[in-house]
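One structure is given here, and the rest of the page talks about it.
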Amino acid sequence: ATAHETKLFIRDVESLDVVKAYKNSGTPSKIEWSKDSKFVMCAIYKRGTVQVHSLEDNKWSCKISEGVAGISGAMWAPSCRHLLIVQEFQLKLTIWSLCEKRRWVIQNPKYSDKGIRFSHDAKYLA
Numbered sequence: 045a046t047a048h049e050t051k052l053f054i055r056d057v058e059s060l061d062v063v064k065a066y067k068n069s070g071t072p073s074k075i076e077w078s079k080d081s082k083f084v085m086c087a088i089y090k091r092g093t094v095q096v097h098s099l100e101d102n103k104w105s106c107k108i109s110e111g112v113a114g115i116s117g118a119m120w121a122p123s124c125r126h127l128l129i130v131q132e133f134q135l136k137l138t139i140w141s142l143c144e145k146r147r148w149v150i151q152n153p154k155y156s157d158k159g160i161r162f163s164h165d166a167k168y169l170a
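Going by the working numbering, the sequence shown opens with residue 45, and the numbers climb by one from there.
Below, the structure written as structure tokens:
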């Protein structure tokens, strides 16, 4: 996956031909594949949004906005169906479910990236 301005391009590994193209609301600061390679996440820190695109279902996409506080970190959970998003100034960590349209909030995480890890069996978050 590569990005140019607001466009995200998914390329064939061998030929480098564009297989799919998606439009985002801004230039991605971070692009990350889900572990099962069915989704790709584009974190757009300047706009405080995260967009998720499905590679299997062209009609499905998701846009998450954390509001005026902005975003300082975003990552996939091991389930590949949950996103962890940390607001600027570590105000809160929000765990978003892509399946259930639910969220869980952890107030004031210490770090936006290095202090957030899952256990090896993916049952616990520390």
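Idealized CB from N, CA, C, for every residue including glycine.
Three-state secondary structure (DSSP) at residue i?
i: E76; result: strand
i: G70; result: coil
i: V57; result: coil
i: A87; result: strand
i: G114; result: coil
Can you check which of these residues, the options, is closest to residue i by C-alpha distance?
i: S105; options: P122, K90, A65 and D56; result: A65
i: Q172; options: K158, E144, Y168 and E132; result: This structure cannot speak to residue 172, because the chain is shown only from 45 to 170.
i: D157; options: V112, I129 and D165; result: I129
i: E100; options: I88, V63 and A166; result: V63
i: R55; options: T93, V84, G70 and E110; result: V84
i: T71; options: F53, I160 and R161; result: F53
i: K136; options: W120, K154 and E58; result: K154
i: K74; options: R91, D61, L60 and S59; result: R91
i: Y89; options: K103, I108, R147 and N102; result: I108
i: V96; options: H164, R147 and A118; result: A118
i: A166; options: W140, T50, A121 and V149; result: A121
i: S116; options: N102, K103 and T138; result: T138
i: R134; options: N102, K51 and A113; result: According to the sequence provided, residue 134 is Gln. The question's Arg does not apply to it. Of the listed residues, the one whose Cα sits closest to Q134 is A113.
i: V94; options: W140, L60 and N102; result: W140
i: E49; options: A87, E58, K82 and D61; result: A87
Should residue i go down as buried or exposed, given a rule of 16 or more other Cβ atoms within 10 Å for buried?
i: T46; result: exposed
i: L142; result: buried
i: E110; result: buried
i: N68; result: buried
Does the pairing of the region 76–90 with the region 118–135 give three or more beta-carbon distances under 8 Å?
-> yes
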